[in-house]
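Report on the following structure.
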Amino acid sequence: MMIRLEKVSKSFNDTIAVKAVSFEVKEGENLILLGTSGCGKTTTLKMINRLIEPDEGQVVINGKNIAIENPELLRRGIGYVMQNNGLFPHYTVRENIAIIPQLLKWDRKKTLDRTEVLMAKLHLPDEYINMFPYELSGGQQQRVGLARALAADPAILLMDEPFGALDNVTRASIRKEFKALEELKRKTIVMVTHDIQEAFELADRICLMDKGEIVQIGTPKELLYQPASDFVVKFMESERLSLEFKITTLGDLWHHLPEKFSAKATIVRSDLSVWDALNYFRSGVKEIAFSTGKTQEQKSMDIHDLTSAFNRYQTQHQHE
Amino acid sequence: MNEPQQNLWQFMSGESDKLLNQTFQHLGLTFISLFLAVAVGLPLGIFIARKRKLSGSVLAVAGVLQTIPSIALLGFMIPLLGIGAKPAIVALLIYALLPIIRNTYTGIVGISEEVKEAAIAMGMSKMQVLFKVELPLAMPVILAGIRTATVINVGVATLASYIAAGGLGEFIFGGISLNNTNMILAGAIPAALLAIILDAVLAAIQKMNVKKFRKLLYIFPVIFLLLGGFYLLPKAYGSSLTAGFTPEFMGRQDGDLGLKAIYGLKIHTIVISDAVMYQAAYEKELDVISGYSTDGRLKAFNLTILKDDKGIFPPYYAAPIVRVKALRKFPELEGVLNLLAGKITDSIMTDLNYRTDYLHQTPERVAKDFLMGCGLYKSAKGGKKGVIRIGSKIFGEQYILAEMYRMLILGNTDYEVATKTGLGGTKICFDALMNDQIDFYPEYTGTGLLVLLKPDPKMAKKIAHDKDRTYQYVSKQFLQQFNIRWLKPIGFNNSYALMMRQKQSKDLDVNSITTLQQYLDKN
Chain A
222 MMIRLEKVSK SFNDTIAVKA VSFEVKEGEN LILLGTSGCG KTTTLKMINR LIEPDEGQVV
282 INGKNIAIEN PELLRRGIGY VMQNNGLFPH YTVRENIAII PQLLKWDRKK TLDRTEVLMA
342 KLHLPDEYIN MFPYELSGGQ QQRVGLARAL AADPAILLMD EPFGALDNVT RASIRKEFKA
402 LEELKRKTIV MVTHDIQEAF ELADRICLMD KGEIVQIGTP KELLYQPASD FVVKFMESER
462 LSLEFKITTL GDLWHHLPEK FSAKATIVRS DLSVWDALNY FRSGVKEIAF STGKTQEQKS
522 MDIHDLTSAF NRYQTQHQHE
Chain B
3 MNEPQQNLWQ FMSGESDKLL NQTFQHLGLT FISLFLAVAV GLPLGIFIAR KRKLSGSVLA
63 VAGVLQTIPS IALLGFMIPL LGIGAKPAIV ALLIYALLPI IRNTYTGIVG ISEEVKEAAI
123 AMGMSKMQVL FKVELPLAMP VILAGIRTAT VINVGVATLA SYIAAGGLGE FIFGGISLNN
183 TNMILAGAIP AALLAIILDA VLAAIQKMNV KKFRKLLYIF PVIFLLLGGF YLLPKAYGSS
243 LTAGFTPEFM GRQDGDLGLK AIYGLKIHTI VISDAVMYQA AYEKELDVIS GYSTDGRLKA
303 FNLTILKDDK GIFPPYYAAP IVRVKALRKF PELEGVLNLL AGKITDSIMT DLNYRTDYLH
363 QTPERVAKDF LMGCGLYKSA KGGKKGVIRI GSKIFGEQYI LAEMYRMLIL GNTDYEVATK
423 TGLGGTKICF DALMNDQIDF YPEYTGTGLL VLLKPDPKMA KKIAHDKDRT YQYVSKQFLQ
483 QFNIRWLKPI GFNNSYALMM RQKQSKDLDV NSITTLQQYL DKN
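Quick note, the sequences are listed as chains A and B, same order.
If you're matching positions, the first sequence starts at 222 in this note's numbering and goes up one per residue.
If you're matching positions, the second sequence starts at 3 in this note's numbering and goes up one per residue.
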């Protein structure tokens, strides 16, 4: 286990922001703190790198209580991405990315190499390297912010509404890249968002908070199908259908699909979401087919087969 | 002064040594104080940006300091720091402080919270946040503050000459006292140019690319110190005694020039304002000063007058000078003003001055006591027949005279009175009279002759030592040239005099200017 919060509380001027919050984030896991504004999610996040000191309880990383560590050394080992990027306006892209390597006293060559690698991975063109942040678009600035957080290859990444300041189109595309980024697969990530779709798309587990307390912590499926309280149900109500389309995979529907196979069908992966499968049909594909992992048995379907299978799957879950 | 017709350029090239020296002193004063103001103000600004609760009170104190009139501030400094460079630098520092503290504070507070949070979240220490993020980002604002402070300092530094700290003020205030426009401009133009040039240079630096900045930051203090170092350039020759002369005295034939030419006096001289000169002599900052023979502080500070055994100081009998038009407009005026004629002797005047300058009685009270003593005081009639405007120069005696005239006019006529006291110098007073802004003020025959009329030197020499001939000459010339009348003299003779502390005078056995000169030659 990487990060553990034990009954952490924090108040500001008699207002309780976080109340006895406990959770664990496993190594390589992506935990998303979800909730409306003022629910204490950002405060919780900032206590992990000691931007905010808890009043009570403790935060343990790799078995060590961080309260007794040097805060500066601690922070140099934790990547931090902010909503409005927080780039230094007087530093170039290169200097911004090199901040932590410099604090860690890397040599110039190593720092420059790492900068170039990261810029390539994050699709930032070379010529940006000597530009200042204000010369870049919002999406590009956010990439630089991400590169800066990743520069020293920290094992932990904290992200505070990282895509919050971007327009919808940019946000969707950057989120997709983010999901695909090899660099992030090995990292333990805690991310704050108020965007339910984003949380369901990126999270391994979601920690839903309200009024400084955890309402439910679990996988997206658990939140959808085993909600801990009415609050959880209400919170997701307006987007429930699209969330269900997004978290349900073709593999989940196997038993509800008819036994048929057509050679003309387009082959897709079994972990394709129903949402993405519907998008295939919308783009003109008539039939898709996939196979289960174990038996390599194949089934094909058209849009009617898919929707009726999905409906049966839903009915079954709601009765559980 | 010898050739009144000389133009500005001739004056400046003739005095180029002095001008250069004063300019360097001016730069030096400006930058030493600026360097110190940055050294104090920058950390203070950073401190209050950290402890914002303190910002209000710190800025308020700096703001209040800023509003103290410069002359008053220089005056406060003398008991604490004496005269010369130290008090001037401290006073300038105080003026420069507010813009530097305020802009440092504003600059740092104005940095976006996100950038600051990012810096901390990256693992920067407090010092790293300050030097890598806060100061570089606040620098344009801080520089704007330094720029403001520089311009303020160039201006205020002209006043430093009042307390013997040198600078271009020597020419400016000397020129005002001596009615010498060239001299005023020779000081004022370079001072204005300095302000404009320094402002432009700092503006350019402010706009420079942030990148180039970083190195420049280190060069800055060095440049400041180098420019400050100008002030330490060697001054005039030294001697065992130090003299403090007013700017006016420095430029006059019947002043320093005469002392050099007729007595051959060689003494280390600094220029100082008359307001602080006596006290400086008392506190042994100065040994010889150019005072006035009726000055109350003579008595207050135990000073003694050195005998003018070669007679270079002409008589300075005081009398009101009035515009002829005002005499016509206010027919009763002349009679009232002449009530005072012959009433005040040297010793009476010294005593009256002593009471204001040293006992700190108000001029009003001193004037009233005197008038009651000689039966001239009458309570005001409260008439409304027109307003008479009285002027006075900016020293105690003139305030007392102005008060006496005010009471006499109110008590004996139906006129009202407006006083415009404290006019900076002879030139300012006289210009006010010429331009119909005042109706009369007390003037001295010697000043009328040598400063306002400026006859050719031979002529001046012939009449300047005779009290009556001087009075007749100025009366006639003023009427012809300016349409201004000299009324009857008040009685006392307030001439220039060199003075020393009584004790030192006895110890050194120096009681005249000749013995002073002999003493200086020996030591």
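For glycine and all other residues, C-beta sits at the position ideal for the given N, C-alpha and C.
Computed from a predicted structure; not experimentally measured.
- Query: For the stretch 355 to 426 of chain A, which segments carrying the alpha helix (DSSP H) assignment without a break, of at least 4 residues, lie completely within its bounds, in sequence order?
  - Reply: 359 to 371, 389 to 401, 403 to 406, 417 to 423
- DSSP state of B/G552, grouped into three classes? What is shown of chain B runs 3 to 525, which leaves residue 552 of chain B out entirely.
- Query: For A/M268 and chain B, any beta-carbon pair shorter than 9 Å?
  - Reply: no
- Start-to-end residues for the alpha helix (DSSP H) that takes in B/Y521: 515 to 524
- Query: In the stretch 118 to 132 of chain B, which residues sit with their C-beta less than 7 Å from some C-beta in chain A, listed in chain order?
  - Reply: E119, A120, I122, A123, M124, G125, M126, S127
- Task: Starting from B/H467, trace the beta strand (DSSP E) both ways and give me its first and last residue.
- Result: Element bounds for B/H467: n/a, residue is neither H nor E.
- Item | Among A/T264, A/Q539, A/E508, nearest to A/L255 - alpha-carbon criterion | A/T264
- Task: Pull out every residue of the stretch 242 to 269 of chain A whose Cβ sits closer than 9 Å to any Cβ of chain B, in chain order.
- Result: K267
- Query: For the alpha helix (DSSP H) that B/L452 lies in, which residues bound it at each end?
  - Reply: Per DSSP, B/L452 belongs to no alpha helix (DSSP H) and is neither H nor E.
- Please check if any C-beta of chain A sits within less than 9 Å of the C-beta of B/L145. no
- Near-chain A residues of the stretch 137 to 164 of chain B - C-beta to any C-beta below 7 Å: P138, L139
- Item | Separation of B/K118 from B/G426, as counted between CA atoms | 53 Å
- Count the C-beta pairs between the stretch 421 to 441 of chain A and the stretch 235 to 242 of chain A that are closer than 8 Å, then say yes if the count reaches three, no if not. yes
- Task: Please determine, among B/L82, B/L342, B/P444, B/L435, the residue with the shortest C-alpha to C-alpha distance to B/G527.
- Result: The structure shown does not extend to residue 527 of chain B, since chain B is modelled only from 3 through 525, so no value can be given for it.
- Inter-residue CB distance, B/L522 and B/S242 (contact presumed, cutoff 8 Å): 7 Å
- Quick one: what's got a C-beta closer than 7 Å to B/I269's C-beta in the same chain, skipping five residues either side? S241, L243, A245, V290, L522
- Please classify A/L464: is it buried, with 16 or more other beta-carbons within 10 angstroms of its beta-carbon, or exposed? buried
- Short-range partners of chain B found in the stretch 373 to 405 of chain A, where Cβ spacing is below 7 Å: none
- List the DSSP bridge partners of A/I282. A/I224, A/K285
- Between B/V135 and chain A, is there a C-beta pair that is closer than 9 Å? yes
- Query: In the structure shown, what three-state DSSP assignment does A/N291 receive?
  - Reply: coil
- Got a sec: does the ligand COA put a non-hydrogen atom nearer than 8 Å to the Cβ of A/K442? Looking for the ligand COA in the displayed structure turns up nothing, as the structure carries no ligands at all.
- Identify, in the order they occur along the chain, each residue of the same chain with its Cβ nearer than 7 Å to the Cβ of A/K467, setting aside the five sequence neighbours on each side. F421, E422, S494, W496
- For A/G307, which residues in chain B fall below 7 Å Cβ to Cβ? E116, V117, E119, A120
- Message: Quick check: the stretch 57 to 64 of chain B against the stretch 187 to 202 of chain B, are at least 3 beta-carbon pairs closer than 8 Å?
- Response: no
- Per-residue contacts from A/L462 into chain B (C-beta, under 7 Å): Per Cβ cutoff of 7 Å: no residues; A/L462 is ~36 Å from chain B at best.
- Message: I'd like to know whether the C-beta atoms of A/I350 and A/I377 end up nearer to each other than 9 Å.
- Response: no
- Hey, which unbroken runs of the alpha helix (DSSP H) at 4 residues or more fall wholly within the stretch 54 to 123 of chain B? 54 to 69, 72 to 83, 87 to 111, 115 to 123
- What three-state label does DSSP hand B/L288 in the structure shown? coil
- Message: Report the start-end ranges of each alpha helix (DSSP H) in the stretch 307 to 357 of chain B that is 4 residues or longer and not cut off at the edges.
- Response: 326 to 331, 335 to 339
- Message: Can you check whether the C-beta of A/I321 is within less than 9 Å of a C-beta belonging to chain B?
- Response: yes
- Message: Taking only three categories from DSSP, how would you classify A/D347?
- Response: helix
- Item | Sequence ranges, alpha helix (DSSP H) only - wholly within the stretch 349 to 406 of chain B, length at least 4 | 365 to 375
- Task: State the start and end residues of the unbroken beta strand (DSSP E) segment that holds A/Y301.
- Result: 299 to 302
- Query: Counting along the chain, where does the alpha helix (DSSP H) carrying A/I509 start and finish?
  - Reply: First-last for A/I509: 509 to 512, but that is the beta strand (DSSP E), not the alpha helix (DSSP H).
- Message: Which of the three DSSP states is assigned to A/K432 in this structure?
- Response: coil
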